[in-house]
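For reference, the structure is listed below as C-alpha cells.
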C-alpha cells in the first residue's frame, strides 16, 4: 500500500493537490512527479492541501523548496493549507515556514492568489 | 567473486577512507576481520619488502617522490610496498597506510588506474562495504537509544545553526568564508581540481546554512569545473553526501548524537530531497526516528523557542 495518496481536487491555475499519508524519502519523488505534471499542464500556482498529511521529512521539504524556487522564477507560487501540528513543527524546525505561505483552509489559500 | 575495477573513482576511494576511519572506532577485532585479514589473504603481507624502515617513513618518502614527475609511474608500486610493510607493523600503521594510499588515488588519476590500486581495492572493497552495511543497521538502533536520553537543552544545541549573534562573530564568519572562497578560486585557476573539490566540499558543508553563503557563485564555479572535468559536479555531490553520512555515523558511534543531528539537517539543506543522492534512504530512516522522539518527548516547543529567540 502506498503511504502517500495524491489527488488533484482542482485543475487549472491555481491547481489544488490533496495529500493524504506521509511524505518521506520513498514518497517524495511521487509528489515531485505530480507537481511537475501539473506545472507541465500550465499551472504556476499550486495549493497543497495537507489536512490529511501526518508526516513530512526533509526529503519532502527539499522537494517543496526546489519546486517553490522553480515556480517563483515563473512568477508562480506554492502555498500550503491545513497543516497538522506535527507537520508544521517539522517545517518550522527546517526553517521552511519562513519561505512558504501557510493558510488554515484551501479556500483561504485560493483567495490569496 | 567481485570483478576487478579498471579505475578507482574518487567517490569510491573517499567512501573507503571514511569506512576505515569508522572501522578504527569499532575495535581491534573488527579492524582485523574487515581490513587486516582481507589484505593478508590477498597476499599483501607476502610482498613485504623487509625494509629497515617504518610505514610512516615510507609515506614521507612517497610524498616526496610524488613531487618528482620521473617517479610518478612507480608510486603504485611503492604504495603496495607500504601496505605490505604496515601489515606487519601494527593495525594503526595499516589503517594509516590504507588511508594514505586511497587519498593519493583521489589526487592522482594515474595512480587511480594503476594495477596496484585496483588490486588493493579489490581486496578491501567487499569486506569494507559489508562492515559499512552492518554499521548502518547498528547505527539506527544506537541513534534511537542515544536521543531517547536527550534533554531539551541537548536537542536545542544539536539544532543550532551558524548564528550571527554579534558583529564580531559576523565579521569573523564573513572573513572565513571569503578566505575559503578565495582559496577555491586559486585552486581553480591553477587547475588543481583535487584541491578544488576538497575546498568546495568544505565550503558547502560548513557554510551552506549561513546567510552569506554564496550559492550563485558556487553554481557558476561548478559549471565551469564540470566543463574542465566531466562529472566534477556529480563527483563533488557524491563526496559531500559521503562526508555528511559518515559524520552522522561517526557521531552515532561516538555517542555524539548532536553531531549526528546536525549532519542530518545539513544533508536536508544541501540535497533538497534528491533521491539520487548517496545515502538518501539511510538518512531518511534516521530522521524519522529523530522526529518521532522529538514528538513523543514533546521537545518541539522548546526547540522552536530557541529558534525564535
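Chains as they are written, first to last, in my numbering: chain A, 448 to 560; chain B, 986 to 1294.
Virtual Cβ for every residue (Gly too), placed ideally from N, Cα, C.
Residue-level contact to chain B via CB, residue i, 9 angstroms cutoff
i: residue 533 of chain A; result: yes
i: residue 451 of chain A; result: no
i: residue 465 of chain A; result: no
i: residue 504 of chain A; result: yes
i: residue 541 of chain A; result: yes
i: residue 519 of chain A; result: no
i: residue 499 of chain A; result: no
Nearest to residue i (by Cα), restricted to the options the options
i: residue 484 of chain A; options: A:472, A:469, A:505 and A:462; result: A:462
i: residue 1001 of chain B; options: B:1188, B:1115 and B:991; result: B:1115
i: residue 1284 of chain B; options: B:1164, B:1137, B:1094 and B:1042; result: B:1137
i: residue 1189 of chain B; options: B:1248, B:1216, B:1132 and B:1175; result: B:1248
i: residue 1225 of chain B; options: B:990, B:999, B:989 and B:988; result: B:999
i: residue 1179 of chain B; options: B:1092, B:1217 and B:1171; result: B:1092
i: residue 995 of chain B; options: B:1280, B:1182 and B:1229; result: B:1182
i: residue 1078 of chain B; options: B:1282, B:1009, B:1267 and B:1174; result: B:1009
Pairwise C-alpha distance: residue j and residue i
i: residue 1063 of chain B; j: residue 501 of chain A; result: 58 angstroms
i: residue 1039 of chain B; j: residue 1070 of chain B; result: 7 angstroms
i: residue 1129 of chain B; j: residue 1262 of chain B; result: 23 angstroms
i: residue 993 of chain B; j: residue 450 of chain A; result: 39 angstroms
i: residue 1076 of chain B; j: residue 1223 of chain B; result: 29 angstroms
i: residue 1241 of chain B; j: residue 1135 of chain B; result: 11 angstroms
i: residue 1120 of chain B; j: residue 1234 of chain B; result: 8 angstroms
i: residue 537 of chain A; j: residue 471 of chain A; result: 12 angstroms
i: residue 1201 of chain B; j: residue 1110 of chain B; result: 37 angstroms
i: residue 1151 of chain B; j: residue 542 of chain A; result: Low confidence applies to residue 1151 of chain B: its pLDDT is 43, below 50, so where it sits in the model is not reliable, and the reading given next is rough at best. About 21 angstroms.
i: residue 559 of chain A; j: residue 1166 of chain B; result: 41 angstroms
i: residue 1098 of chain B; j: residue 1057 of chain B; result: 12 angstroms
i: residue 1218 of chain B; j: residue 1207 of chain B; result: 6 angstroms
i: residue 1272 of chain B; j: residue 481 of chain A; result: 24 angstroms
i: residue 553 of chain A; j: residue 465 of chain A; result: 10 angstroms
Contact with chain A by residue i, beta-carbon distance below 9 angstroms
i: residue 1257 of chain B; result: yes
i: residue 1276 of chain B; result: yes
i: residue 1269 of chain B; result: yes
i: residue 1273 of chain B; result: yes
i: residue 1192 of chain B; result: no
i: residue 1179 of chain B; result: no
i: residue 1218 of chain B; result: no
Identified DSSP bridge partners for residue i
i: residue 469 of chain A; result: A:502
i: residue 452 of chain A; result: A:467
i: residue 998 of chain B; result: Paired residue(s): none; residue 998 of chain B is not in a bridge.
i: residue 1068 of chain B; result: For residue 1068 of chain B, which the question treats as bridged, DSSP gives no partner whatsoever.
i: residue 524 of chain A; result: A:492
Near the ligand MN: residue i beta-carbon under 8 angstroms from a heavy atom
i: residue 1261 of chain B; result: Absence of the ligand MN from the depicted structure is noted, as is the absence of any ligand whatsoever, leaving it without description.
At 4 residues or longer, what runs of the alpha helix (DSSP H) sit wholly inside the stretch 1078 to 1117 of chain B? If we require 4 residues or more, the alpha helix (DSSP H) runs fully inside the stretch 1078 to 1117 of chain B come out as 1094 to 1097.
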